[in-house]
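Engineer:
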Amino acid sequence: MINYKRHRRAIKKLYEDTCTVSRMIDVKKPSGETRQEEQTVYADQKCKLSQKSLASNQQTESTNNILYETKFFIAPELEIKQGDTVAVTHCGRTLKFTAGEPFLYGSHQEISLQREDKA
719 MINYKRHRRA IKKLYEDTCT VSRMIDVKKP SGETRQEEQT VYADQKCKLS
769 QKSLASNQQT ESTNNILYET KFFIAPELEI KQGDTVAVTH CGRTLKFTAG
819 EPFLYGSHQE ISLQREDKA
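Just add 718 to the spot in the sequence shown (first one is 1) and you have my numbering.
(1) Within the 8 Å Cβ cut-off, does Thr-816 reach chain B?
(2) Considering only the beta carbon of each residue, do Ile-792 and Gln-832 sit closer than 8 Å?
(3) In chain order, what residues of the same chain have a beta carbon less than 7 Å from the beta carbon of Lys-746, not counting five sequence neighbours either side?
(4) Could you check which residue in Thr-788, Lys-799, Thr-803 has the C-alpha nearest to that of Pro-820?
(5) Go through its chain and collect everything with a Cβ distance to Gly-824's Cβ below 6 Å, but skip five positions before and after it.
(6) When the Cα atoms are used, what is the spatial distance from Asp-744 to Lys-764?
(7) Apart from the five residues on each side of it in sequence, which residues of its chain come closer than 6 Å, Cβ to Cβ, to Tyr-733?
(8) Kindly identify the DSSP beta-bridge partner or partners of Tyr-760.
(9) Between the C-alpha atoms of Lys-730 and Ile-829, what's the straight-line distance to the nearest angstrom?
(10) Nearest to Thr-812 by CA position, among Val-739, Arg-724, Glu-756, is which residue?
(11) What is the DSSP secondary structure of Ile-798, counted as helix, strand or coil?
(12) With DSSP as the reference, label Ile-792 as helix, strand or coil.
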């Protein structure tokens, strides 16, 4: 039987990155109108970013699209939803991603992140 507390402590030692998670939330305006606004749901959370596949370069005459996918590891009690915006500070750089569907383990959760930048 796995000791999840001990397993989780070991995994948390690998969390060398930090992230901020945002999502679109319905906000009621004073006029009575409801609009969606992006709001931060978690800030400065310890995490681990890992590259899943190498970047592919899809250059055309007008744009250079860079597409790649990464994996993201974070504590299991945080509710990350598919479509959330995740800004990860990794090696001094902040990168923005869109979250895929989380996969929960007893000690952590693993989430596929998609980054789609136009260079």
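Each residue gets a CB set at the ideal place from its N, CA and C atoms; glycine is no exception.
Structural biologist: The short version:
(1) The displayed structure is made up of one protein chain only, and chain B is not part of it.
(2) Here residue 792 refers to the residue found at position 74 of the sequence shown. Here residue 832 refers to the residue found at position 114 of the sequence shown. No, these two residues do not count as a Cβ contact at 8 Å.
(3) In the sequence shown, residue 746 corresponds to position 28, counting from 1. Once the five neighbours on either side are set aside, the close Cβ partners of Lys-746 are Thr-752.
(4) Looking up residue 820 in the sequence shown gives position 102. It is Lys-799 whose Cα lies nearest to the Cα of Pro-820.
(5) Taking the first residue of the sequence shown as 1, we reach residue 824 at position 106. Within the same chain, Cβ atoms closer than 6 Å to the Cβ of Gly-824 are found at Tyr-722, the five residues on either side in sequence being excluded.
(6) As a first step, residue 744 must be located in the sequence shown, where it is residue number 26. As a first step, residue 764 must be located in the sequence shown, where it is residue number 46. Spanning the two alpha carbons is a distance of roughly 27 Å.
(7) The residue you call residue 733 lines up with position 15 of the sequence shown. Lys-764, Cys-765, Lys-766.
(8) Reading the sequence shown from its first residue, position 42 is the one you call residue 760. Partner(s): Val-739.
(9) Taking the sequence shown and counting its residues from 1, the one referred to as residue 730 is at position 12. Taking the sequence shown and counting its residues from 1, the one referred to as residue 829 is at position 111. Cα to Cα, the separation comes out at about 16 Å.
(10) The residue you call residue 812 lines up with position 94 of the sequence shown. Closest option to Thr-812, Cα to Cα, is Val-739.
(11) Against the sequence shown, residue 798 aligns to sequence position 80. In the structure shown, Ile-798 sits in coil (DSSP, three-state: anything other than H, G, I, E or B).
(12) Working through the sequence shown from its first residue, we reach residue 792 at position 74. Of the three classes helix, strand and coil, the one that applies to Ile-792 here is strand, per DSSP.
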